[in-house]
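Participant: Residue numbering for the sequence shown is 39 to 237, as defined by the working numbering.
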Amino acid sequence: MMKKMKIDKLVMATNNKNKLREVREILSPLGIEVLSQREAGADTNPDENGSNFSENAYIKAKSVYDIVKLPVMADDSGLCVDCLGGKPGVYSARYAPEGQECEKLLDELKDIPESERTAKFVCVISFIDENGENNFVSGECHGKIGFEKRGSNGFGYDPIFMYGEKSFAEISSEEKNKVSHRAEALKALYRLLNERYCD
Ligand code: ITT
39 MMKKMKIDKL
49 VMATNNKNKL
59 REVREILSPL
69 GIEVLSQREA
79 GADTNPDENG
89 SNFSENAYIK
99 AKSVYDIVKL
109 PVMADDSGLC
119 VDCLGGKPGV
129 YSARYAPEGQ
139 ECEKLLDELK
149 DIPESERTAK
159 FVCVISFIDE
169 NGENNFVSGE
179 CHGKIGFEKR
189 GSNGFGYDPI
199 FMYGEKSFAE
209 ISSEEKNKVS
219 HRAEALKALY
229 RLLNERYCD
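#1: Could you have a look at Leu-231 and say whether DSSP puts it in helix, strand or coil?
#2: Identify every residue that forms a DSSP beta bridge with Thr-156.
#3: So, Leu-147 versus Pro-126, is the Cβ gap smaller than 9 Å?
#4: By the three-class DSSP mapping on this structure, what secondary structure does Lys-225 have?
#5: Tell me whether Glu-136 sits in a helix, a strand or coil according to DSSP, three-state version.
#6: Per the DSSP calculation, Lys-204 is bridged to which residue(s)?
#7: How should Arg-220 be labelled, buried or exposed, when 16 other C-beta atoms within 10 angstroms of its C-beta is the threshold for buried?
#8: Tell me whether Ala-51, by its Cβ, gets closer than 8 Å to a heavy atom of ligand 1.
#9: So if DSSP puts Asn-173 in a beta bridge, which residue, or which two residues, is it bridged to?
#10: Is Gly-124 close to ligand 1? I mean its beta-carbon at under 8 Å from any heavy atom of the ligand.
#11: So Pro-84 and Lys-98 are supposed to be a Cβ contact under 8 Å. How far apart are they, rounded?
#12: Just the C-alpha distance for Asp-104 and Thr-52, rounded to the nearest angstrom, thanks.
#13: In terms of alpha-carbon separation, which member of Ala-80, Leu-68, Val-160, Val-72 lies closest to Val-128?
#14: Using a Cβ-Cβ cut-off of 7 Å (strictly less than) and excluding sequence neighbours within five positions of Glu-60, which residues of its own chain qualify?
#15: Would you please state the rounded distance, in angstroms, between the beta carbons of Ile-70 and Lys-55? I believe it to be under 8 Å.
#16: Report yes if the CB atom of Tyr-195 is closer than 9 Å to the CB atom of Glu-154, and no otherwise.
#17: Cβ of Tyr-235 within 9 Å of Cβ of Asp-167?
#18: Taking the C-alpha atoms as reference points, what is the distance between Lys-187 and Ile-198?
#19: Shortest alpha-carbon distance to Ala-131 belongs to which of Thr-156, Gly-124, Gly-116?
#20: Out of Gly-202, Gly-192, Asn-191, state which residue places its alpha-carbon closest to the alpha-carbon of Gly-184.
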């Protein structure tokens with residue numbers, strides 16, 4: 039008999055509308071409806087004072103779960119640049135004033151040759167089920183930091199994250215959603231939901 043997934047709706051704990059859009063683009067074709075935290079009546083903005091992606095993802099998911107008591111996911115993500123020892127990492131959102139993060143990173147890397155500009159995007163998802171049980175899944179996407187901003191799609195560091203010949207801001211969201219750190223983490227989440235939360 040076909041297994042039926044019990045979870046067809048979850049709340050995403052985020053204040054980042056681009057993340058919410060990407061998660062919806064990926065999960066809705068899989069039959070999972072994603073409510074924003076606002077739609078679910080939980081407009082929280084907790085202090086992300088954890089020391090790694092997992093801790094921050096859990097802080098966000100738990101703050102919304104405590105209000106809605108429904109399945110909740112939160113995504114903590116960032117860009118880790120090898121020649122900077124993994125920075126900005128968990129500080130990606132606070133690295134520079136919004137809209138200036140690419141310029142700041144380009145400036146920090148201005149003397150670094152192409153071969154040493156390797157980087158990865160990381161995404162850790164905390165998923166809390168209806169009973170309050172937490173699970174983590176994660177995904178990574180490897181690329182290089184370019185020498186200039188390219189393209190106008192996406193958000194955050196996308197214009198300087200080179201995935202092969204093109205930046206993440208030059209490809210469509212459809213293409214990004216096949217290979218991104220977020221897409222990888224969501225594939226793992228979907229597997230988890232299928233394994234653990236089926237009739
Ligand atoms: P929430 O915490 O409310 O979800 P946020 O933007 O503060 O939103 P994070 O704390 O996880 O999220 O910070 C992630 C930052 O990393 C984000 O603001 C971007 O600057 C960057 N980032 C993450 N994923 C990205 C992606 O797919 N493309 C470009 N930049 C990304």
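A virtual CB, placed ideally from N, CA and C, is assigned to each residue, including glycine.
Facilitator: So, from the data block:
#1: helix
#2: Per DSSP, the beta bridge partners of Thr-156 are Lys-182.
#3: no
#4: helix
#5: Residue state, collapsed to three classes: coil.
#6: Tyr-201
#7: buried
#8: yes
#9: Phe-165, per the DSSP bridge assignment.
#10: no
#11: 6 Å
#12: 15 Å
#13: Val-160
#14: Ser-211, Asn-215, Arg-220
#15: Wrong, their Cβ atoms sit about 18 Å apart, outside the cutoff.
#16: no
#17: yes
#18: Between Lys-187 and Ile-198, the C-alpha separation is close to 5 Å.
#19: Gly-116
#20: Gly-202
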